[in-house]
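Asker:
Residue numbers (this note's numbering): -3 to 224.
#1: Given residue 196, which residues of its chain have a CB within under 8 angstroms of its CB, disregarding the five upstream and five downstream residues?
#2: So the alpha helix (DSSP H) residue 31 belongs to, where does it begin and stop?
#3: In whole angstroms, what is the alpha-carbon distance linking residue 165 and residue 177?
#4: Alpha carbon to alpha carbon, how far is residue 34 from residue 45?
#5: Could you work out which residue in 70, 222, 145 and 170 is closest to residue 55 when comparing CA atoms only?
#6: Cα-Cα, which of 26, 63 and 43 is closest to residue 218?
#7: If you drop the 5 nearest sequence neighbours on each side, which residues of the same chain put their C-beta closer than 6 angstroms to that of residue 26?
#8: DSSP three-state call for residue 84: helix, strand or coil?
#9: Report the CB separation of residue 134 from residue 163 in whole angstroms; it is logged as a contact under 8 angstroms.
#10: Give the secondary structure of residue 62 by DSSP, where H, G and I count as helix, E and B as strand, and everything else as coil.
#11: Give me whichever residues DSSP pairs with residue 179 in a beta bridge.
#12: Can you name, in chain order, every residue of its own chain whose Cβ lies under 7 angstroms from the Cβ of residue 28, other than the five neighbours on each side?
#13: Looking at the strands, I want to know which residues DSSP matches up with residue 161.
#14: State the Cα-Cα distance for the pair residue 161 and residue 70, rounded to the nearest angstrom.
#15: Please confirm whether residue 17 and residue 205 have their CB atoms less than 9 angstroms apart.
#16: Check whether the Cβ atoms of residue 30 and residue 173 lie closer than 9 angstroms to each other.
#17: Around the C-beta of residue 228, are 16 or more other C-beta atoms found within 10 angstroms, so that it is buried, or is it exposed?
#18: Bridge partners of residue 190, per DSSP?
#19: Which same chain residues, not among the five before or five after residue 59, have their C-beta less than 7 angstroms away from its C-beta?
#20: Return yes when the Cβ of residue 21 is within less than 9 angstroms of the Cβ of residue 185, no when it is not.
#21: Hey, out of 19, 57 and 32, whose CA is closest to residue 201's CA?
#22: If residue 19 and residue 209 are in contact, beta carbons under 8 angstroms, what's the gap, nearest whole angstrom?
#23: Which same chain residues, not among the five before or five after residue 73, have their C-beta less than 8 angstroms away from its C-beta?
In structure tokens form, the structure reads like this:
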């Protein structure tokens, strides 16, 4: 009997080690008590912009998997809820940069202009990143959030903690925010929802497993009827 139990534990450990998903980070902020919330809402594309490379069907699959996890913990979806779930995806730096205007047509060369003495720089302190990017790019990767994260995240990006595991292509991040007071409550990340690093998103089953990992340390447990 003891040998059988040991074998089962060993098989479970091997299966866990072979999982393509790992929890990169799961952190609660501002002494948040997520049990105090009863409703939630998930960010929609009309509140921001999908990360480059993410199609609408992938967004819907991720949102459906997050919705299932929240409902199984007793939360009710409500479009007026103060608890906003923001979705972010780490992408390659070059994908995060998009031209704002089309290239201008060629023009005749301008006449020479006399040199102007250099003006000393007036900026002091760190330069904020683009609206959807969390902090400076790291190793050529940038997290891109659907709802601009600097609407609620601390502005001091220079002193923000760099979680190196987040800066891998395909890492999915979930922020929970009290959107009424602009206070971050929780952030969790899982790597990676890309299939074999070829920039193709995993299928519906893979996304559901990734989101399940994303909630593996969520402070509100599942309701008894949903536990397996």
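Beta carbons are placed, not taken as given, at the ideal position from N, Cα and C, and that holds for glycine.
Note that the coordinates shown come from a computational prediction; the quantities given were computed from them, not determined experimentally.
Answerer: Walking through what the data contain:
#1: If you number the chain shown from 1, residue 196 lands on position 200. The answer, listed in chain order, is 190.
#2: Numbered from 1 along the chain shown, position 35 holds the residue referred to as residue 31. It is not in any alpha helix (DSSP H) - residue 31 carries neither H nor E in the DSSP assignment.
#3: On the chain shown, position 169 is the one that residue 165 refers to. On the chain shown, position 181 is the one that residue 177 refers to. Cα to Cα, residue 165 sits roughly 31 angstroms from residue 177.
#4: In the chain shown, counting from the first residue as 1, residue 34 sits at position 38. In the chain shown, counting from the first residue as 1, residue 45 sits at position 49. CA-to-CA, the gap between residue 34 and residue 45 works out to about 27 angstroms.
#5: Position 59 of the chain shown, counted from the start, is the residue given in the question as residue 55. It is 170 whose Cα lies nearest to the Cα of residue 55.
#6: As a working mapping, residue 218 is identified with position 222 in the chain shown. Sorting 26, 63 and 43 by C-alpha distance to the C-alpha of residue 218 places 63 at the top.
#7: Mapped onto the chain shown, residue 26 falls at position 30. Exclusion of the five residues before and after residue 26 leaves 179 as the residues of its chain whose Cβ lies within less than 6 angstroms of its Cβ.
#8: Your numbering for residue 84 matches position 88 in the chain shown. DSSP places residue 84 in the strand class (E or B) of the three-state scheme.
#9: If you number the chain shown from 1, residue 134 lands on position 138. If you number the chain shown from 1, residue 163 lands on position 167. Rounded, the Cβ-Cβ distance is 4 angstroms, consistent with contact.
#10: Translated into positions along the chain shown, residue 62 becomes position 66. Note: residue 62 maps to helix in three-state DSSP.
#11: As a position in the chain shown, residue 179 is number 183, starting the count at 1. DSSP, once it has assigned bridges, lists 174 as partnering residue 179.
#12: Locating residue 28 in the chain shown gives position 32, where the first residue counts as 1. Closer than 7 angstroms at the Cβ level, and outside the excluded window around residue 28, lie 181 and 182.
#13: The sequence position of residue 161 within the chain shown is 165, counting from 1. Residue 161 pairs with nothing; no bridge assigned.
#14: Residue mapping note: residue 161 aligns to position 165 of the chain shown, counting from 1. Residue mapping note: residue 70 aligns to position 74 of the chain shown, counting from 1. A straight-line Cα-Cα distance of about 30 angstroms links residue 161 and residue 70.
#15: Reading the chain shown from its first residue, position 21 is the one you call residue 17. Reading the chain shown from its first residue, position 209 is the one you call residue 205. Yes, these two residues count as a Cβ contact at 9 angstroms.
#16: Taking the first residue of the chain shown as 1, we reach residue 30 at position 34. Taking the first residue of the chain shown as 1, we reach residue 173 at position 177. Cβ atoms of residue 30 and residue 173: not closer than 9 angstroms.
#17: For residue 228 there is no data in the structure shown, the boundaries of the chain being -3 and 224.
#18: On the chain shown, residue 190 is found 194 positions in, with the first residue counted as 1. Beta-bridge pairing links residue 190 to 197.
#19: As a first step, residue 59 is located in the chain shown; it is residue number 63 there, counting from the start. Closer than 7 angstroms at Cβ, skipping near neighbours: 38.
#20: As a position in the chain shown, residue 185 is number 189, starting the count at 1. As a position in the chain shown, residue 21 is number 25, starting the count at 1. Going by C-beta atoms, residue 185 is nearer than 9 angstroms to residue 21.
#21: Locating residue 201 in the chain shown gives position 205, where the first residue counts as 1. It is 57 whose Cα lies nearest to the Cα of residue 201.
#22: Your numbering for residue 19 matches position 23 in the chain shown. Your numbering for residue 209 matches position 213 in the chain shown. The C-beta distance from residue 19 to residue 209 rounds to 6 angstroms, short enough to meet the 8 angstroms contact threshold.
#23: Start at 1 with the first residue of the chain shown, and residue 73 comes out as number 77. Only 35, 36, 37, 38, 63, 66 and 67 meet the Cβ criterion.
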